[in-house]
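**Q**
2 protein chains.
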Amino acid sequence: MGSKPGKGSYHHGELRESLIAAGLAILEEGGDPSALGLREAARRAGVSAMAPYRHFPDKDALLAAVATVGFERLRAALEAADGGGEGREALYAQGAAYVAFACAQPGLFRLMFGARSGGVRPEALCLASAAAYAVLSERVAALVPAESAAEEALRSWALVHGIASLAIDGMIGEAARTDPQAAAALAERLLRLETLPR
Amino acid sequence: MGSKPGKGSYHHGELRESLIAAGLAILEEGGDPSALGLREAARRAGVSAMAPYRHFPDKDALLAAVATVGFERLRAALEAADGGGEGREALYAQGAAYVAFACAQPGLFRLMFGARSGGVRPEALCLASAAAYAVLSERVAALVPAESAAEEALRSWALVHGIASLAIDGMIGEAARTDPQAAAALAERLLRLETLPR
DNA sequence: GGGCCTATGATTACACCGTAAACATGGAGT
DNA sequence: ACTCCATGTTTACGGTGTAATCATAGGCCC
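As they're listed, the protein sequences go chains A and B.
Count along the first sequence from 1, add 1378, and you get the number used in my numbering.
Count along the second sequence from 1, add 1378, and you get the number used in my numbering.
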């Protein structure tokens, strides 16, 4: 065991990866995380309804695996955006990328941040989300005094996360909900605003 | 018809209100909007499983009605908080109240902002959410130049919404997730932070 | 006051979902 | 070559949302 059986055989061979891929595909088709189900994922992977249970103890485990991939993609998107600019421009670029990511994949984004009520988050999921946050956090740390870095990073995260959440929930307008570029542009504008004058 | 039959009679008499109240109760017991179902609400209202369909065309309609109540409560909370302070202190108080509201009723909060994918939002829901936003928006308008008021208000909203979302999803820590006072205190601290120095 | 009308609630039925248990298959290691 | 067991299948059960049909009783009209 361990090597890959032929594609047409009784045993799928890469079911776990196929199920995660199917989950990602489902989430890309409607923005509703509740559309991602064990049976539907199994259907898309061309396998019986119960097969997923050989690879995931329950539905939440599949969801967590998909969310983990989501955080890895988010981290990659943030790193790519950060590399383009310099100083606080890089921070703004990260914010825009964060919002664009959410807008482009609202279902995945909602899944990533939807707290499974009683569920303990798997280790891999925590690591992936922490890695994504580190990209933003370290950029902020390079821009502010060390003693306020943590709070400034949290504040920046909250701001872009709020913009992203409101955008995909249609609270800012149809353009910000459906067009990642428009949402990113809006995010950049809001990020450049100074705090209210005192 | 139109008057209220006795409580023990065949006809409930206030089923619509009872179902909404049941929905609110369900949401207060776990933070998971998916726990709010038509059948469970009917059960709590002491009525058959199909009875809700006489008052709501489908599940989304009940959800929207509950969410509308949520926005009314949020508006009341923001107004109460605003009344206490003055100037930008009132704005900070509103932000703290916003986050405390989400933390105290995460299920309701998630329902309010969860975009039903293809669903058109009922008029009442739009009005209620707009009314809540107006409380914050008008406070911001009283603090900044008119030409930037809209964007400043949106920025403030996004910031507190982001803090609230991250808090209830457990991304900031257990205290911020479960203790409304701790979450509100954190929100106030973040709101008082200046933008990053340039 | 008596009788129908209709708003409201109850029943039944169906498809879908997550999950558990029992069964089948076939590649891997001996 | 033979067995083992990881993996996939089948069947079954309770839960959900929804549609269709039936039952009740309060209000209105005569």
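Using N, Cα and C, we set each Cβ at its ideal position, and we do this for glycine too.
#1: With burial defined as no fewer than 16 other Cβ atoms inside 10 Å of the residue's Cβ, what is the status of Met1428 (chain A): buried or exposed?
#2: Between the Cα of Leu1489 (chain B) and the Cα atoms of B:Ile1404, B:Ala1423, B:Ala1475, which residue gives the shortest distance?
#3: Is Val1522 (chain B) near Glu1516 (chain B), with beta carbons less than 9 Å apart?
#4: Using the three-state DSSP reduction, which class does Ser1426 (chain B) fall into: helix, strand or coil?
#5: Please tell me whether Ala1420 (chain B) and Val1477 (chain B) are closer than 9 Å, where the distance is taken between their beta carbons.
#6: Quick one: Cα of Ala1506 (chain B) to Cα of Arg1499 (chain B), how far?
#7: Could you tell me the alpha carbon to alpha carbon distance between Glu1406 (chain B) and Ala1413 (chain B), rounded to whole angstroms?
#8: Going by Cα to Cα distance, which pick from A:Pro1484, A:Arg1432, A:Ala1553, A:Pro1558 is closest to Leu1393 (chain A)?
#9: At which residues does the alpha helix (DSSP H) containing Gln1559 (chain B) begin and terminate?
#10: Gly1540 (chain B) to Ala1493 (chain A), Cα distance in whole Å?
#11: Do you know whose CA, among B:Ala1527, B:Leu1537, B:Phe1479, B:Phe1487, lies nearest Gln1559 (chain B)'s CA?
#12: Give a yes or no on whether the C-beta atoms belonging to Leu1440 (chain A) and Leu1486 (chain A) are separated by under 9 Å.
#13: Spatial neighbours of Pro1430 (chain B) within its chain, please: CB distance less than 7 Å, with the 5 preceding and 5 following residues excluded, ordered by chain position.
#14: Residues of chain B with a CB under 9 Å from the CB of Phe1491 (chain A): which are they?
#15: I need the DSSP call for Ile1579 (chain A), collapsed to helix, strand or coil.
#16: Report all residues from its chain with a CB closer than 6 Å to the CB of Ala1519 (chain A); omit the five preceding and five following residues, and keep chain order.
#17: Could you tell me which chain A residues have their CB closer than 9 Å to the CB of Gly1463 (chain B), listed as they occur along the chain?
#18: Do we get a CB-CB distance below 9 Å when we pair Leu1571 (chain B) with the residues of chain A?
#19: So with Cβ pairs under 9 Å, would you call Gly1415 (chain A) a contact of chain B?
#20: CB-CB under 7 Å to Gly1380 (chain B), same chain, minus the five flanking residues each way: which ones, in chain order?
#21: CB Gly1497 (chain A) to CB Asp1438 (chain A), shorter than 9 Å?
#22: Taking the alpha helix (DSSP H) that Leu1521 (chain B) belongs to, which residues open and close that run?
#23: Beta-carbon separation of Ala1502 (chain B) and Ala1475 (chain B) under 9 Å?
#24: Quick one: grab the DSSP three-state call for Asp1438 (chain A).
#25: What do you get for Gly1384 (chain A), buried or exposed, if any count of 16 or more other CB atoms within 10 angstroms of its CB means buried?
#26: Quick one: Cα of Glu1552 (chain B) to Cα of Ala1545 (chain B), how far?
#27: Just to confirm the assignment, what range does the alpha helix (DSSP H) spanning Gly1485 (chain B) have?
#28: Would Arg1576 (chain B) count as contacting chain A if we go by Cβ distances under 9 Å?
#29: Whose CA, out of A:Arg1451, A:Ala1445, A:Leu1537, A:Ala1399, lies closest to the CA of Ala1423 (chain A)?
#30: Quick check: the Cα distance between Val1513 (chain B) and Arg1453 (chain B), rounded to an integer number of angstroms?
#31: Excluding the five sequence neighbours on either side, which residues of its own chain have a C-beta within less than 6 Å of the C-beta of Leu1571 (chain B), listed in chain order?
#32: Going along chain B, which residues have a C-beta under 7 Å from His1539 (chain A)?
#33: Is the beta carbon of Tyr1470 (chain B) less than 9 Å from the beta carbon of Leu1537 (chain B)?
#34: Assign Ser1534 (chain A) to one of two classes, buried (16 or more other C-beta atoms within 10 Å of its C-beta) or exposed (fewer than that).
#35: Under 9 Å, Cβ to Cβ, is there at least one residue of chain B near Glu1566 (chain A)?
#36: Within the 9 Å Cβ cut-off, does Leu1393 (chain A) reach chain B?
**A** For this structure:
#1: For the purposes of this step, residue 1428 (chain A) is identified with residue 50 of the first sequence, where counting begins at 1. With fewer than 16 other Cβ atoms within 10 Å, it is exposed.
#2: Residue 1489 (chain B) sits at position 111 when you count from the first residue of the second sequence. Closest option to Leu1489 (chain B), Cα to Cα, is B:Ile1404.
#3: Here residue 1522 (chain B) refers to the residue found at position 144 of the second sequence. Here residue 1516 (chain B) refers to the residue found at position 138 of the second sequence. In this structure, Glu1516 (chain B) does not lie closer than 9 Å to Val1522 (chain B) by Cβ.
#4: Walking along the second sequence from the start, residue 1426 (chain B) turns up at place 48. The answer is coil: DSSP assigns Ser1426 (chain B) none of H, G, I, E or B.
#5: Your numbering for residue 1420 (chain B) matches position 42 in the second sequence. Your numbering for residue 1477 (chain B) matches position 99 in the second sequence. It is not a contact, given that the beta carbons lie outside the stated cut-off.
#6: Position 128 of the second sequence, counted from the first residue, corresponds to residue 1506 (chain B). Position 121 of the second sequence, counted from the first residue, corresponds to residue 1499 (chain B). Taking the straight line joining both Cα atoms gives about 11 Å.
#7: On the second sequence, position 28 is the one that residue 1406 (chain B) refers to. On the second sequence, position 35 is the one that residue 1413 (chain B) refers to. Approximately 10 Å, taken between the alpha carbons.
#8: The residue you call residue 1393 (chain A) lines up with position 15 of the first sequence. Answer by Cα proximity: A:Arg1432.
#9: Counting from 1 along the second sequence, the entry for residue 1559 (chain B) is found at position 181. Gln1559 (chain B) -> alpha helix (DSSP H) spans 1558–1570.
#10: Position 162 of the second sequence, counted from the start, is the residue given in the question as residue 1540 (chain B). Position 115 of the first sequence, counted from the start, is the residue given in the question as residue 1493 (chain A). One C-alpha to the other measures close to 15 Å.
#11: The residue labelled residue 1559 (chain B) in the question sits at position 181 within the second sequence. Considering only alpha carbons, the answer is B:Phe1479.
#12: Start at 1 with the first residue of the first sequence, and residue 1440 (chain A) comes out as number 62. Start at 1 with the first residue of the first sequence, and residue 1486 (chain A) comes out as number 108. Leu1440 (chain A) is not a Cβ neighbour of Leu1486 (chain A), given a cutoff of 9 Å.
#13: Residue numbering aside, residue 1430 (chain B) sits at position 52 when the second sequence is read from its first letter. Only Leu1397, Leu1416, Ala1419, Ala1420, Leu1440 meet the Cβ criterion.
#14: Along the first sequence, one-based indexing puts residue 1491 (chain A) at 113. In chain order: Ser1543, Leu1544, Asp1547, Met1549.
#15: Because chain A spans 1379 through 1576 in this model, residue 1579 (chain A) falls outside it and cannot be assessed.
#16: For the purposes of this step, residue 1519 (chain A) is taken as residue 141 along the first sequence, with counting starting at 1. Closer than 6 Å at Cβ, skipping near neighbours: Ala1527.
#17: If you number the second sequence from 1, residue 1463 (chain B) lands on position 85. Within chain A, no residue has its CB atom less than 9 Å from the CB of Gly1463 (chain B), the nearest being about 14 Å off.
#18: As a position in the second sequence, residue 1571 (chain B) is number 193, starting the count at 1. Answer yes: the Cβ-Cβ gap between Leu1571 (chain B) and chain A drops below 9 Å somewhere.
#19: By 1-based counting over the first sequence, the position of residue 1415 (chain A) is 37. Output row for Gly1415 (chain A): interface = no.
#20: Position 2 of the second sequence, counted from the first residue, corresponds to residue 1380 (chain B). Because Gly1380 (chain B) carries a pLDDT of 37, less than 50, the predicted location of this residue cannot be relied on, and the following value inherits that uncertainty. Nothing listed; no residue qualifies.
#21: If you number the first sequence from 1, residue 1497 (chain A) lands on position 119. If you number the first sequence from 1, residue 1438 (chain A) lands on position 60. Yes; because the gap between Cβ atoms is below 9 Å, this pair is in contact.
#22: By 1-based counting over the second sequence, the position of residue 1521 (chain B) is 143. Taken as a continuous stretch (DSSP letters only), Leu1521 (chain B) belongs to no alpha helix (DSSP H), as it is neither H nor E.
#23: Locating residue 1502 (chain B) in the second sequence gives position 124, counting from the first residue. Locating residue 1475 (chain B) in the second sequence gives position 97, counting from the first residue. The answer is no: Cβ separation not under 9 Å.
#24: Translated into the one-based positions of the first sequence, residue 1438 (chain A) becomes position 60. Of the three classes helix, strand and coil, the one that applies to Asp1438 (chain A) here is helix, per DSSP.
#25: Position 6 of the first sequence, counted from the start, is the residue given in the question as residue 1384 (chain A). Per-residue confidence for Gly1384 (chain A) stands at a pLDDT of 44, beneath the threshold of 50, marking its modelled position as unreliable; the derived number appears in the next sentence. Gly1384 (chain A) should be labelled exposed.
#26: If you number the second sequence from 1, residue 1552 (chain B) lands on position 174. If you number the second sequence from 1, residue 1545 (chain B) lands on position 167. Answer to the nearest angstrom: the Cα atoms are 8 Å apart.
#27: If you number the second sequence from 1, residue 1485 (chain B) lands on position 107. Looking at the DSSP string, the run of the alpha helix (DSSP H) that includes Gly1485 (chain B) is 1484–1491.
#28: Within the second sequence, numbered from 1, the residue matching residue 1576 (chain B) stands at position 198. Residue placement at Arg1576 (chain B) cannot be trusted, given a pLDDT of 44 that sits under 50; what the coordinates show is reported in the next sentence. Yes, because at least one Cβ of chain A sits closer than 9 Å to the Cβ of Arg1576 (chain B).
#29: Position 45 of the first sequence, counted from the first residue, corresponds to residue 1423 (chain A). Comparing alpha-carbon positions, the option among A:Arg1451, A:Ala1445, A:Leu1537, A:Ala1399 lying closest to Ala1423 (chain A) turns out to be A:Ala1399.
#30: In the second sequence, the residue the question calls residue 1513 (chain B) occupies position 135. In the second sequence, the residue the question calls residue 1453 (chain B) occupies position 75. Looking at the two C-alpha atoms, the distance is approximately 7 Å.
#31: In the second sequence, residue 1571 (chain B) corresponds to position 193, counting from 1. Once the five neighbours on either side are set aside, Leu1571 (chain B) has no close Cβ partner at all.
#32: To locate residue 1539 (chain A), count along the first sequence from 1; it is residue 161. Result: Gly1540, Ser1543, Leu1544.
#33: For this step, residue 1470 (chain B) is matched to residue 92 along the second sequence. For this step, residue 1537 (chain B) is matched to residue 159 along the second sequence. In this structure, Leu1537 (chain B) does not lie closer than 9 Å to Tyr1470 (chain B) by Cβ.
#34: On the first sequence, position 156 is the one that residue 1534 (chain A) refers to. Classification of Ser1534 (chain A): buried, given that the 10 Å Cβ count is 16 or more.
#35: If you number the first sequence from 1, residue 1566 (chain A) lands on position 188. By this cut-off, Glu1566 (chain A) is not an interface position.
#36: If you number the first sequence from 1, residue 1393 (chain A) lands on position 15. Chain B contact via Cβ: absent.
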